[in-house]
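2 protein chains.
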Amino acid sequence: MRSALSHAPNLLSMKKELLFTPGPTPIPPEALLAMAQPIDYHRSDTAVTLIKDVLEKLKHVFQTENDILFLTSSGTGAMEGAVANLLSREDKVIVIQSGKFGERWNDICTAYGVEVILIDVTWGDSVEPQIVEALLTEHPDVKAVFATLCETSTGALHDIEALAGLTRVRPTLLVVDAVSALAADDLQMDNWGVDVVVSCSQKGLMTPPGLAFAALNQRAWDTVKCSNLPKYYLDFRKAHQSGLEGSVPYTPAITLLTALQCALNRICAEDIRDTIARHSRLAIATRSAVKALGLPLFAISPANTLTSIRLPTEIDGKAFINLMRDRYGITYAGGQSQLSGKIVRIAHLGWMNENDVIVAISAFERGLVEIGYEVPLGAGVTAAQEVFKCSRGEK
Amino acid sequence: MRSALSHAPNLLSMKKELLFTPGPTPIPPEALLAMAQPIDYHRSDTAVTLIKDVLEKLKHVFQTENDILFLTSSGTGAMEGAVANLLSREDKVIVIQSGKFGERWNDICTAYGVEVILIDVTWGDSVEPQIVEALLTEHPDVKAVFATLCETSTGALHDIEALAGLTRVRPTLLVVDAVSALAADDLQMDNWGVDVVVSCSQKGLMTPPGLAFAALNQRAWDTVKCSNLPKYYLDFRKAHQSGLEGSVPYTPAITLLTALQCALNRICAEDIRDTIARHSRLAIATRSAVKALGLPLFAISPANTLTSIRLPTEIDGKAFINLMRDRYGITYAGGQSQLSGKIVRIAHLGWMNENDVIVAISAFERGLVEIGYEVPLGAGVTAAQEVFKCSRGEK
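First to last, the protein sequences are chains A and B. My numbering applies: residue 1 is where the first sequence begins, and numbers increase by one. My numbering applies: residue 1001 is where the second sequence begins, and numbers increase by one.
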């Protein structure tokens, strides 16, 4: 009889697929089951109640008293909506670009023929607010600054509070892509004076992709009134007015709204400070683990949303990602565009706890060893355990 | 002991909610359960296979060899996409408006500043192709005709084959909103020479709302190359190119794609002619039942998609719709805009069979009697039974 250890392991027989991608993120079971219920009509009284409830609860996550509006689209739909609803032809804007999603602001503004003053930040870095300040002083007629809370392609966090300090004393609007970071990294829309925040369903809101959101303050709504860019499906005013009545201008992704309600019930059961603190704790543990394994973090100011790890040049990042998925059932995200094959991105976002992070780190260790890159096996997990250990009596 | 019949019935204790709305339509159970599975990453090999499979199977339903592209949006997103991708500023188009969704073509074109020649058809009626022909002759520079296969707000079918006969011999494109009628009413994109067809997930494709589709022939793609209207999220070329690789430019509603695959597996198991014939049979039975009850049909040329019934003026249509939902668990659609409260729309669309239609009709009869409008109870069901009865040996 062979010993258990000498027997070749079948890692696939009880495989469990685990997603550590920065969207979609895992969906809580009650939200999954809600989507398996017979579908309802979006003009029913039940749907009206659902829509109103979801839009009210989203204010908690957006940290705002402003109304939330929603679109059936990916987050990019809400980004384009912000451009098309706020701006007019001949407008001048500042775009902060430090990765693929800052590039997207630039691409959208360019598609609409708006004049863009581009701040091109090295990928992995975050913008220095002084640079924005200098440009705002040089170009006082800039209509809006387009920024990113967490640049998902690099894992870098931007100092939105500092940027809002610059724009709220000027006639310039601050528009923030909080697509990946909402509920994970702090964004105090009202307290900081952010004018527009856009996000979507499949990240910190732990709902499948297909819903996008925007919140606008009064200054932003006043600007919307003057916009002359063409829009129809992404018209914020129609979405806003309908939403107030629990209605929609066009058929919404109602099964996703049902799932979102379940997810928001979890999120709203705790203070948003606690939600963000939880994400911070998972992020700190992950970064500690990566450092203990001797690998460099990619982002200079890393977000709570995800951790980006620069891979040693001898590792083929794409092959590593595929190995982890096929053999360990673990899906990390690889690098995008210029970072393709060069970094691994591990999200700790949404329906995610300490046990999940331990699994993500331990599989990462074993995967590196399997491809022949020696790391001190267990060192990452141990470092994370140190972060996670509770003092006696700690909650 | 009271007899069963003298006991006041509790209609709510075993209530089953049944949707007879022209979108969303009921979802088959395997599609519902597919959405309750743990979510997958949209860049995985599994997702690539899923996207390619779905886009290939959609060709069967669109009756075309042209590629299908998809967007995460409602059907209106694909309608706007058609306008923004095909047209340029200063273009002139013909819009056929015979209800709320023809109005939408007009509204979208107007939002983009395109010159619209409007054919305003009485609601319930369908366009006479000669009127379109006369306008095409008068305005040979018209870039496109925007038409509707089934005008969902009235239940009227338009003669798309005749319209295509006019446009395919001219440089003018024919763009068809098949949002509600795809798979229910015949639309032979290739055989008839229709240039662009748009549709969405929550109608004949019996999938929850959130996905929209478009198919373009070569003539249409050649026009897209010259378009100068702004677009980003709704960019057809990006969606098309990505789709060919089983990819997406932006995070798609992947749970809905999974459900759609299940639904398409059902639809593709039969010939599309059989799918349309089934819808036709359900529609004929419903119309026979309505006539047997002595009520007038609203549409002059009714579609297979849904049956619109003009209510006697003494009936409050909204109250009737609410009664049917609250007491019988049956959701019909009411009238929209100018038809609000005046018609009832019963869809027989998608995952719907003869038993469902019998339920829809029998509840309709009882509901009318309950509100005090006398109809010959059972006459509608009997008329439907006559349509449905099989000859011995018939399939």
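Note that beta-carbon positions come from the ideal geometry of N, C-alpha and C, so glycine has one too. Quick caveat: nothing in here was measured; it's all calculated off a predicted structure.
Find the nearest neighbour of residue 1093 (chain B) within the set B:1105, B:1249, B:1115, judged by alpha-carbon distance.
-> Residue 1093 (chain B) sits at position 93 when you count from the first residue of the second sequence. Taking only the C-alpha atoms, the option nearest residue 1093 (chain B) is B:1115.
Nonlocal neighbours in the same chain, by C-beta distance under 7 Å from residue 1202 (chain B), ignoring five residues either side | Numbered from 1 along the second sequence, position 202 holds the residue referred to as residue 1202 (chain B). So the list reads 1023, 1024, 1025, 1208, 1209, once near-sequence residues are dropped.
Rounded C-alpha distance that separates residue 347 (chain A) from residue 261 (chain A) = Translated into the one-based positions of the first sequence, residue 347 (chain A) becomes position 347. Translated into the one-based positions of the first sequence, residue 261 (chain A) becomes position 261. Separation of residue 347 (chain A) and residue 261 (chain A) (C-alpha to C-alpha, rounded to the nearest whole angstrom) is 23 Å.
Answer yes if the stretch 73 to 86 of chain A comes into contact with the stretch 98 to 116 of chain A, meaning at least three C-beta pairs across the two stretches below 8 Å, and no otherwise.
-> yes
With DSSP as the reference, label residue 1123 (chain B) as helix, strand or coil.
-> Counting from 1 along the second sequence, the entry for residue 1123 (chain B) is found at position 123. Correct three-state label for residue 1123 (chain B): strand.
Among the residues of its own chain, which have a CB less than 7 Å from the CB of residue 1068 (chain B), if the five just before and after it don't count?
-> What you label residue 1068 (chain B) is simply residue 68 of the second sequence in a count that begins at 1. Once the five neighbours on either side are set aside, the close Cβ partners of residue 1068 (chain B) are 1055, 1058, 1059, 1062, 1213, 1215.
Beta strand (DSSP E) containing residue 1067 (chain B): first to last residue?
-> To locate residue 1067 (chain B), count along the second sequence from 1; it is residue 67. No beta strand (DSSP E) contains residue 1067 (chain B), which DSSP labels as neither H nor E.
Looking only at its own chain, which residues have a Cβ that is under 7 Å from the Cβ of residue 1192 (chain B), when we skip the five neighbours before and after it?
-> Position 192 of the second sequence holds residue 1192 (chain B). Excluding sequence neighbours, residue 1192 (chain B) sits near 1160, 1161, 1164.
Are residue 95 (chain A) and residue 247 (chain A) close, meaning C-beta to C-beta below 8 Å?
-> Taking the first residue of the first sequence as position 1, residue 95 (chain A) is located at position 95. Taking the first residue of the first sequence as position 1, residue 247 (chain A) is located at position 247. With respect to the 8 Å criterion, residue 95 (chain A) and residue 247 (chain A) are not classified as neighbours on the basis of their beta carbons.
Cβ-Cβ separation, residue 323 (chain A) to residue 371 (chain A) (assumed contact under 8 Å), whole Å | Stepping through the first sequence from its first residue, residue 371 (chain A) is reached at position 371. Stepping through the first sequence from its first residue, residue 323 (chain A) is reached at position 323. Confirmed, about 7 Å.
State buried or exposed for residue 1206 (chain B), treating a residue as buried only when at least 16 other CB atoms are found within 10 Å of its CB.
-> Numbered from 1 along the second sequence, position 206 holds the residue referred to as residue 1206 (chain B). Classification of residue 1206 (chain B): buried, given that the 10 Å Cβ count is 16 or more.
Which bits of chain A does residue 1325 (chain B) rub up against, with CB to CB less than 9 Å?
-> Translated into the one-based positions of the second sequence, residue 1325 (chain B) becomes position 325. Correct list: 41, 44, 45.
Compile a chain-ordered list of the residues in the stretch 1009 to 1023 of chain B whose CB is closer than 7 Å to at least one CB of chain E.
-> Although the question refers to chain E, the structure presented lacks it and instead comprises the protein chains A and B.
Are the stretch 173 to 192 of chain A and the stretch 145 to 152 of chain A in contact at 8 Å, needing three or more beta carbon pairs?
-> yes
Short check: CB of residue 1282 (chain B) to CB of residue 1290 (chain B), under 8 Å?
-> As a working mapping, residue 1282 (chain B) is identified with position 282 in the second sequence. As a working mapping, residue 1290 (chain B) is identified with position 290 in the second sequence. Not closer than 8 Å, so no.
How long is the line joining the alpha carbons of residue 156 (chain A) and residue 127 (chain A), rounded to whole angstroms?
-> Taking the first residue of the first sequence as 1, we reach residue 156 (chain A) at position 156. Taking the first residue of the first sequence as 1, we reach residue 127 (chain A) at position 127. Each residue's alpha carbon lies about 10 Å from the other.
If you draw a straight line from the C-alpha of residue 249 (chain A) to the C-alpha of residue 1122 (chain B), how long is it?
-> By one-based count along the first sequence, residue 249 (chain A) stands at place 249. By one-based count along the second sequence, residue 1122 (chain B) stands at place 122. C-alpha separation (whole angstroms): 23 Å.
Residue 1038 (chain B) classed as buried or exposed, judged by whether at least 16 other C-beta atoms fall within 10 angstroms | By one-based count along the second sequence, residue 1038 (chain B) stands at place 38. Exposed is the call here.
Using the DSSP secondary-structure output, state which residues sit across from residue 333 (chain A) in a beta bridge.
-> Along the first sequence, one-based indexing puts residue 333 (chain A) at 333. Its beta-bridge partners are A:345.
How would you write the range of the alpha helix (DSSP H) that residue 1045 (chain B) sits in, first residue to last?
-> As a first step, residue 1045 (chain B) must be located in the second sequence, where it is residue number 45. Unbroken alpha helix (DSSP H) run through residue 1045 (chain B): 1045 to 1062.
Bridge partners of residue 1092 (chain B), per DSSP?
-> Within the second sequence, numbered from 1, the residue matching residue 1092 (chain B) stands at position 92. For residue 1092 (chain B), which the question treats as bridged, DSSP gives the partners B:1115.
Going along the chain, which residues of the stretch 1229 to 1241 of chain B sit with their C-beta nearer than 9 Å to a C-beta in chain A?
-> 1229, 1230, 1231, 1232, 1233, 1234, 1235
Could you work out which residues of chain A lie near residue 1026 (chain B), taking near to mean beta carbons separated by less than 9 Å?
-> Counted from its first residue, the second sequence places residue 1026 (chain B) at position 26. Near residue 1026 (chain B) (Cβ distances below 9 Å), the residues of chain A are 38, 39.
List the residues that DSSP assigns as beta-bridge partners of residue 144 (chain A).
-> As a position in the first sequence, residue 144 (chain A) is number 144, starting the count at 1. Bridge partners of residue 144 (chain A): A:93, A:173.
Could you have a look at residue 168 (chain A) and say whether DSSP puts it in helix, strand or coil?
-> Sequence index remark: in the first sequence, residue 168 (chain A) carries index 168 (1-based). DSSP places residue 168 (chain A) in coil when its eight states are reduced to three.
Residue 1080 (chain B) CB to nearest chain A CB: under 8 Å?
-> Position 80 of the second sequence holds residue 1080 (chain B). Chain A, which has a Cβ nearer than 8 Å to the Cβ of residue 1080 (chain B), makes this yes.
Measure how close the beta-carbons of residue 144 (chain A) and residue 86 (chain A) come, nearest whole angstrom, since I'm counting them as under 8 Å.
-> Against the first sequence, residue 144 (chain A) aligns to sequence position 144. Against the first sequence, residue 86 (chain A) aligns to sequence position 86. Rounded, the Cβ-Cβ distance is 6 Å, consistent with contact.
Closer than 8 Å by beta-carbon distance: list the chain B residues that pair up with residue 383 (chain A), in chain order.
-> Taking the first residue of the first sequence as position 1, residue 383 (chain A) is located at position 383. Result: empty, since nearest Cβ-Cβ is about 27 Å, beyond 8 Å.
Closer than 7 Å at the beta carbon, the chain A residues around residue 1113 (chain B) = As a working mapping, residue 1113 (chain B) is identified with position 113 in the second sequence. Per Cβ cutoff of 7 Å: 230.
If you draw a straight line from the C-alpha of residue 1285 (chain B) to the C-alpha of residue 1251 (chain B), how long is it?
-> As a first step, residue 1285 (chain B) must be located in the second sequence, where it is residue number 285. As a first step, residue 1251 (chain B) must be located in the second sequence, where it is residue number 251. Whole-angstrom Cα-Cα distance: 42 Å.
Among B:1240, B:1232, B:1254, the one whose alpha carbon lies nearest that of residue 84 (chain A) | In the first sequence, counting from the first residue as 1, residue 84 (chain A) sits at position 84. With distances taken between Cα atoms, residue 84 (chain A) lies closest to B:1232.
Residue 119 (chain A) and residue 97 (chain A) look like a contact to me (Cβ under 8 Å); what is the Cβ gap, rounded to whole Å?
-> What you label residue 119 (chain A) is simply residue 119 of the first sequence in a count that begins at 1. What you label residue 97 (chain A) is simply residue 97 of the first sequence in a count that begins at 1. With a Cβ gap of about 7 Å, residue 119 (chain A) and residue 97 (chain A) count as contacting.
Straight-line CA distance for residue 229 (chain A) to residue 32 (chain A)?
-> Counting from 1 along the first sequence, the entry for residue 229 (chain A) is found at position 229. Counting from 1 along the first sequence, the entry for residue 32 (chain A) is found at position 32. Taking the straight line joining both Cα atoms gives about 38 Å.
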